[in-house]
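Q: Here it is, the structure, as structure tokens.
Protein chains: 10
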Amino acid sequence: MLFHVRMDVRLPADLDPRERDEIVAREKAYSQDLQRAGKWPHIWRVVGEYANFSIFDVESNDELHRILSGLPLFSYMEIQVTPLAVHPSDIKAEGS
Amino acid sequence: MLFHVRMDVRLPADLDPRERDEIVAREKAYSQDLQRAGKWPHIWRVVGEYANFSIFDVESNDELHRILSGLPLFSYMEIQVTPLAVHPSDIKAEGS
Amino acid sequence: MLFHVRMDVRLPADLDPRERDEIVAREKAYSQDLQRAGKWPHIWRVVGEYANFSIFDVESNDELHRILSGLPLFSYMEIQVTPLAVHPSDIKAEGS
Amino acid sequence: MLFHVRMDVRLPADLDPRERDEIVAREKAYSQDLQRAGKWPHIWRVVGEYANFSIFDVESNDELHRILSGLPLFSYMEIQVTPLAVHPSDIKAEGS
Amino acid sequence: MLFHVRMDVRLPADLDPRERDEIVAREKAYSQDLQRAGKWPHIWRVVGEYANFSIFDVESNDELHRILSGLPLFSYMEIQVTPLAVHPSDIKAEGS
Amino acid sequence: MLFHVRMDVRLPADLDPRERDEIVAREKAYSQDLQRAGKWPHIWRVVGEYANFSIFDVESNDELHRILSGLPLFSYMEIQVTPLAVHPSDIKAEGS
Amino acid sequence: MLFHVRMDVRLPADLDPRERDEIVAREKAYSQDLQRAGKWPHIWRVVGEYANFSIFDVESNDELHRILSGLPLFSYMEIQVTPLAVHPSDIKAEGS
Amino acid sequence: MLFHVRMDVRLPADLDPRERDEIVAREKAYSQDLQRAGKWPHIWRVVGEYANFSIFDVESNDELHRILSGLPLFSYMEIQVTPLAVHPSDIKAEGS
Amino acid sequence: MLFHVRMDVRLPADLDPRERDEIVAREKAYSQDLQRAGKWPHIWRVVGEYANFSIFDVESNDELHRILSGLPLFSYMEIQVTPLAVHPSDIKAEGS
Amino acid sequence: MLFHVRMDVRLPADLDPRERDEIVAREKAYSQDLQRAGKWPHIWRVVGEYANFSIFDVESNDELHRILSGLPLFSYMEIQVTPLAVHPSDIKAEGS
Chain W
1 MLFHVRMDVR LPADLDPRER DEIVAREKAY SQDLQRAGKW PHIWRVVGEY
51 ANFSIFDVES NDELHRILSG LPLFSYMEIQ VTPLAVHPSD IKAEGS
Chain B
1 MLFHVRMDVR LPADLDPRER DEIVAREKAY SQDLQRAGKW PHIWRVVGEY
51 ANFSIFDVES NDELHRILSG LPLFSYMEIQ VTPLAVHPSD IKAEGS
Chain C
1 MLFHVRMDVR LPADLDPRER DEIVAREKAY SQDLQRAGKW PHIWRVVGEY
51 ANFSIFDVES NDELHRILSG LPLFSYMEIQ VTPLAVHPSD IKAEGS
Chain H
1 MLFHVRMDVR LPADLDPRER DEIVAREKAY SQDLQRAGKW PHIWRVVGEY
51 ANFSIFDVES NDELHRILSG LPLFSYMEIQ VTPLAVHPSD IKAEGS
Chain P
1 MLFHVRMDVR LPADLDPRER DEIVAREKAY SQDLQRAGKW PHIWRVVGEY
51 ANFSIFDVES NDELHRILSG LPLFSYMEIQ VTPLAVHPSD IKAEGS
Chain E
1 MLFHVRMDVR LPADLDPRER DEIVAREKAY SQDLQRAGKW PHIWRVVGEY
51 ANFSIFDVES NDELHRILSG LPLFSYMEIQ VTPLAVHPSD IKAEGS
Chain L
1 MLFHVRMDVR LPADLDPRER DEIVAREKAY SQDLQRAGKW PHIWRVVGEY
51 ANFSIFDVES NDELHRILSG LPLFSYMEIQ VTPLAVHPSD IKAEGS
Chain X
1 MLFHVRMDVR LPADLDPRER DEIVAREKAY SQDLQRAGKW PHIWRVVGEY
51 ANFSIFDVES NDELHRILSG LPLFSYMEIQ VTPLAVHPSD IKAEGS
Chain R
1 MLFHVRMDVR LPADLDPRER DEIVAREKAY SQDLQRAGKW PHIWRVVGEY
51 ANFSIFDVES NDELHRILSG LPLFSYMEIQ VTPLAVHPSD IKAEGS
Chain F
1 MLFHVRMDVR LPADLDPRER DEIVAREKAY SQDLQRAGKW PHIWRVVGEY
51 ANFSIFDVES NDELHRILSG LPLFSYMEIQ VTPLAVHPSD IKAEGS
């Protein structure tokens, strides 16, 4: 089941640079584990912004919330979730 | 080069049903040709709305505008384009 | 899997009253069938507005989109869908 | 009498973690007491956000304000209240 | 129980003037009946707009919705309802 | 001359509790003096928010600004003023 | 007593050109009468828009509403009124 | 003197195609005359929208309003004007 | 050449009172010098807000930016500039 | 390939003045290097705001993101990117 997610990161200006590097590194590892597990099939940077558009592929709303609220940067993010359905023009869904 | 596009369709209430069916069929064919050509790799329906999130893969801004303004439903759509870049956490981009 | 849905109905001022009554009656029957089937457990009127807040309980995003896009009033509605998860303070979810 | 409430929690980034845990624990107890008393029949987490949609069942506007302004997290919340009425399609209200 | 209501009237430009006068006259009679009954204690014109701020005093949310949805101009209005509680500084509420 | 005013209070999270109590007490006294003088005939709490809707009855715009900018909480408030006129359906204004 | 008013004119696309010219001519005469009477001391065109910023000098909110609701273009306008007070830095108000 | 202008065109769905072609052709000629005269040095299409960003170089606000309100598509446009100044980092302005 | 400017002042809550008084005094002197020079012909207080509407009369966009960015309170302000043109109904512009 | 970019700078009120001067100087040098390289052909100040409108000419979305995220002021900016296409009325594009 697919979800479209926009994440905007707002780090406080006075965050300690080492703490910042450490949390961003953990965020990257967390994201890549989920990508490898097939839960987070797409992540794109929004040009010019500290933000991304992502696609998640999960079993349930609860699983998606566990994943998102577990993001190391969660408390610094504004997140907007949109549920997706198959589009009738999608050639990958033909015959399904 | 990737772009994120949101399209909202607003068909007038008094549109003739046959004209509507005909234009929607042309829209589908137009979209599927571009999907097969690799220009429109993803299209998802926004749940509960006559809208979609799409990803386009084109050579230039001008090519994207030619594609979008050529949509049979173009004059009935509100379209919002966001340029995308590679995300540093994307495992598909590692090593690139 | 639960979803929160807000529906705002915008009927055109010049809609024929009999057509209006007929479509509203079909909407009611459609809604009540889904309520009886357990798919639409809650529906409330927003005071002073031709709008409702509803809760849907479905198997997937695709099922929800089929239900919503099948509403007799769908083409006259603005619909906003929000996925819901279990709240950690919910006493009904304790021990689950 | 039913009310729809959306609560968004905005904890300051520099809140002491123990103080945070203590206030969140008090919030949970406060909410569960009201749930058991039938005043707060539903609470759902908004996926991906530190927010909830809730339904309250109270005797009056004043009772609702006392409950909401007494929330341990009240001063950190943005709250939006919408009064609800019986929906004419609600099967639970038939014959009432 | 008090509610604050803002009503914005949007009459279609092509409404027949006699129909307009007739519906506005019915709206006035409907409003004045409720004012005399104590249900609609205040109504003020917003300067420069075809809009009003009103205060309603009703037994329940359902009663308020019946009153508002019964307004002759209801289908031409945008209505926004806000529940009110006693303010702790209100001298009229002292000792209550 | 009547004005509709919405006031939203935003106290900083780190305000000293005693300072907070003192300023709120001064605000209450200030408001009640104006209520007794007939300048501030109505004040209602917005349910669930640290906000009020008020009606002021003053001689001029300048008098209203002096009153509002003199509020002890003024520097912590967002204030929105709307001038009011007699509504043609108001039974209290009949014959005036 | 001064008020700041923004007026945006939205003429329907299918308005008869002669009717349009006639109503715009009446609007101009109405405005110039009020300018000569000192009630409407300033009117400026917003560059690139069918809109104006105006300053009115009236005795009361009711007088302002009578003037604005009497504008020949009133039913085609969106109007926003802001009450003005003397600014403490205004050299014209020094010593007053 | 430079101004940044965004123009969004909203043609009515029922506009006669020949009338549409004729007005668009006049718009193009009007624009190109001003480009050749140096008054309209830049015009870019916003990708995916029937809109443009333009730069105008004029003597005064009044000249800009005359140009914009004379656009053949003016009554179908939403226009937003932003005055521009020399940027202190602009290498073309160095030494000026 | 006239410009309409709205300025909203947002002073930080922890600004030293003496620093505040000093900067506000400088702002007043700066404004009054420009008023006397005819560059800033009007300034009005927005009732209930720490904001003003002003009219500037300058030679160019660059002159206006120099004036506004030189305001002692500039870094604490949100400023919105709108270029103005002569209104065709303005009696002061007749015959010009 | 052209992009329209709006940048709004929000420097924290408590930024050390020397640090501020140093970062602004680096920003200027960075911008001018890109202007000389033809990557950043236009930059204009928005009158009255600490903001600019810019045009970038780059090979790809990724190049644009590298440039923007490398701005010394990047973490203090809100940036909005709009892709541009050739406008059919642009005389510079005729025959291309």
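Residue numbers (UniProt numbering), protein chains in the order written: chain W, 1 to 96; chain B, 1 to 96; chain C, 1 to 96; chain H, 1 to 96; chain P, 1 to 96; chain E, 1 to 96; chain L, 1 to 96; chain X, 1 to 96; chain R, 1 to 96; chain F, 1 to 96. Built from N, CA and C at the ideal position, the CB exists for glycine as well.
Find out if the Cβ-Cβ distance for the pair Q80(P), R10(P) is shorter than 8 Å.
A: Against the fifth sequence, residue 80(P) aligns to sequence position 80. Against the fifth sequence, residue 10(P) aligns to sequence position 10. No. Outside cutoff.
Q: Report the neighbours of V81(X) on chain R: residues whose CB is nearer than 9 Å to its CB, in chain order.
A: In the eighth sequence, residue 81(X) corresponds to position 81, counting from 1. Within chain R, the residues near V81(X) are T82 and P83.
Q: Distance, Cα to Cα, L84(L) vs L2(L)?
A: As a first step, residue 84(L) must be located in the seventh sequence, where it is residue number 84. As a first step, residue 2(L) must be located in the seventh sequence, where it is residue number 2. Taking the straight line joining both Cα atoms gives about 5 Å.
Q: Please work out which residues of its chain come closer than 7 Å, Cβ to Cβ, to H42(C), disregarding the five sequence neighbours upstream and downstream, and give them in chain order.
A: Your numbering for residue 42(C) matches position 42 in the third sequence. Counting only Cβ-Cβ distances below 7 Å, and skipping sequence neighbours, we find S54 and I55.
Q: Could you check where the beta strand (DSSP E) with A85(W) kicks off and where it finishes?
A: Your numbering for residue 85(W) matches position 85 in the first sequence. M77 to V86 is the extent of the beta strand (DSSP E) around A85(W).
Q: Against chain P, which members of the region 23-43 of chain E pass a CB distance test of less than 7 Å?
A: From the region 23-43 of chain E, only K28, S31, Q32, Q35, R36 and I43 have a Cβ closer than 7 Å to chain P.
Q: List the endpoints of the continuous alpha helix (DSSP H) containing D8(P).
A: By one-based count along the fifth sequence, residue 8(P) stands at place 8. It is not in any alpha helix (DSSP H) - D8(P) instead sits in the beta strand (DSSP E) that spans L2 to V9.
Q: Taking the beta strand (DSSP E) that V46(L) falls in, what are its first and last residues?
A: The residue labelled residue 46(L) in the question sits at position 46 within the seventh sequence. Start and end: H42 to V46.
Q: What residues from chain H crowd round E49(E), counting only those whose CB sits closer than 7 Å?
A: What you label residue 49(E) is simply residue 49 of the sixth sequence in a count that begins at 1. Simply I79.
Q: If you pair each beta-carbon of the region 20-31 of chain R with each one of the region 60-73 of chain R, do three or more pairs fall below 8 Å?
A: Verdict: yes, contact present.
Q: Which residue comes first and which comes last in the alpha helix (DSSP H) that contains D33(F)?
A: The sequence position of residue 33(F) within the tenth sequence is 33, counting from 1. Element bounds for D33(F): P17 to R36.
Q: Which residues does DSSP pair with D57(F) in a beta bridge?
A: Against the tenth sequence, residue 57(F) aligns to sequence position 57. L2(F), per the DSSP bridge assignment.
Q: Note down, in chain order, each residue of its chain lying with its Cβ closer than 8 Å to the Cβ of P17(P), except the 5 sequence neighbours on either side.
A: Mapped onto the fifth sequence, residue 17(P) falls at position 17. No residues qualify anywhere along the chain.
Q: Use the C-beta contact count for L64(L): other C-beta atoms within 10 angstroms, 16 or more gives buried, fewer gives exposed.
A: For this step, residue 64(L) is matched to residue 64 along the seventh sequence. With 16 or more Cβ atoms within 10 Å of its Cβ, L64(L) is classed as buried.
Q: In angstroms with no decimal places, state the Cα-to-Cα distance between S75(L) and A51(P).
A: Indexing the seventh sequence from 1 puts residue 75(L) at position 75. Indexing the fifth sequence from 1 puts residue 51(P) at position 51. So the alpha carbons of these two residues sit roughly 12 Å apart.
Q: Would R45(R) be called buried (16 or more neighbouring beta carbons within 10 Å of its own) or exposed?
A: Along the ninth sequence, read from residue 1 onward, the residue named residue 45(R) stands at position 45. Answer is buried; the Cβ neighbour count reaches 16.
Q: Would R36(F) and I67(X) qualify as a contact pair, given that the criterion is a beta-carbon distance under 8 Å?
A: Numbered from its first residue, the tenth sequence carries residue 36(F) at position 36. Numbered from its first residue, the eighth sequence carries residue 67(X) at position 67. Cβ distance not < 8 Å, so R36(F) and I67(X) don't count as in contact.
Q: In chain order, what residues of the same chain have a beta carbon less than 8 Å from the beta carbon of H87(B), not counting five sequence neighbours either side?
A: Sequence index remark: in the second sequence, residue 87(B) carries index 87 (1-based). The residues are A93.
Q: Assuming D8(X) and M77(X) make a contact with CB atoms under 8 Å, what is their CB distance in whole Å?
A: For the purposes of this step, residue 8(X) is taken as residue 8 along the eighth sequence, with counting starting at 1. For the purposes of this step, residue 77(X) is taken as residue 77 along the eighth sequence, with counting starting at 1. Confirmed, Cβ separation roughly 7 Å.
Q: Can you confirm whether R45(B), when its beta carbon is compared against all beta carbons of chain C, has any partner nearer than 8 Å?
A: As a working mapping, residue 45(B) is identified with position 45 in the second sequence. Yes, contact with chain C.
Q: Quick one: what's got a C-beta closer than 8 Å to residue 103(R)'s C-beta in the same chain, skipping five residues either side?
A: Outside the displayed span of chain R (1 to 96) sits residue 103(R), for which this structure offers no information.
Q: Decide if E19(E) is buried, meaning its Cβ has at least 16 other Cβ atoms within 10 Å, or exposed.
A: Mapped onto the sixth sequence, residue 19(E) falls at position 19. Classification for E19(E): exposed.
Q: Any C-beta of chain F sitting closer than 8 Å to the C-beta of A13(W)?
A: Mapped onto the first sequence, residue 13(W) falls at position 13. Interface residue, yes.
Q: Please report how far the alpha carbon of P12(L) lies from the alpha carbon of E49(L), in whole angstroms.
A: Within the seventh sequence, residue 12(L) is the residue found at index 12, counting from 1. Within the seventh sequence, residue 49(L) is the residue found at index 49, counting from 1. Going from the Cα of P12(L) to the Cα of E49(L) covers about 15 Å.
Q: Alpha carbon to alpha carbon, how far is R26(H) from D14(E)? Give it in angstroms, no decimals.
A: Here residue 14(E) refers to the residue found at position 14 when the sixth sequence is read from its first residue. Here residue 26(H) refers to the residue found at position 26 when the fourth sequence is read from its first residue. Computed Cα separation, rounded: 20 Å.
Q: Between the alpha carbons of V24(W) and S89(B), how many angstroms are there, rounded?
A: Taking the first sequence and counting its residues from 1, one reaches residue 24(W) at position 24. Taking the second sequence and counting its residues from 1, one reaches residue 89(B) at position 89. In a straight line, the C-alpha of V24(W) is about 10 Å away from that of S89(B).
Q: Could you check whether the Cβ of L71(X) sits closer than 8 Å to any Cβ belonging to chain R?
A: Walking along the eighth sequence from the start, residue 71(X) turns up at place 71. Not one chain R Cβ lies under 8 Å of L71(X).
Q: Pull up the distance between the alpha-carbon of S96(E) and that of S60(E), whole angstroms please.
A: Here residue 96(E) refers to the residue found at position 96 of the sixth sequence. Here residue 60(E) refers to the residue found at position 60 of the sixth sequence. With a pLDDT of 49 at S96(E), under the threshold of 50, the predicted position of this residue should be treated as unreliable, though the coordinate-derived value follows. So the two alpha carbons sit approximately 21 Å from each other.
Q: Note down the Cα distance separating D62(B) from V47(B), rounded to an integer number of angstroms.
A: Sequence index remark: in the second sequence, residue 62(B) carries index 62 (1-based). Sequence index remark: in the second sequence, residue 47(B) carries index 47 (1-based). About 30 Å.
Q: How would you list, in chain order, the residues of chain F whose beta-carbon sits under 7 Å from the beta-carbon of N52(R)?
A: As a position in the ninth sequence, residue 52(R) is number 52, starting the count at 1. Neighbours of N52(R) on chain F: none; closest Cβ ~13 Å, over 7 Å.
Q: Taking 8 Å as the CB-CB limit, is I55(W) close to chain H?
A: By one-based count along the first sequence, residue 55(W) stands at place 55. It does not: the Cβ of I55(W) has no partner Cβ on chain H nearer than 8 Å.
Q: Cα separation between L34(B) and T82(X)?
A: Residue numbering aside, residue 34(B) sits at position 34 when the second sequence is read from its first letter. Residue numbering aside, residue 82(X) sits at position 82 when the eighth sequence is read from its first letter. L34(B) and T82(X): Cα-Cα distance of roughly 38 Å.
Q: Shorter than 8 Å from the beta carbon of S89(X) to some beta carbon of chain R?
A: Counting from 1 along the eighth sequence, the entry for residue 89(X) is found at position 89. So, not an interface residue.
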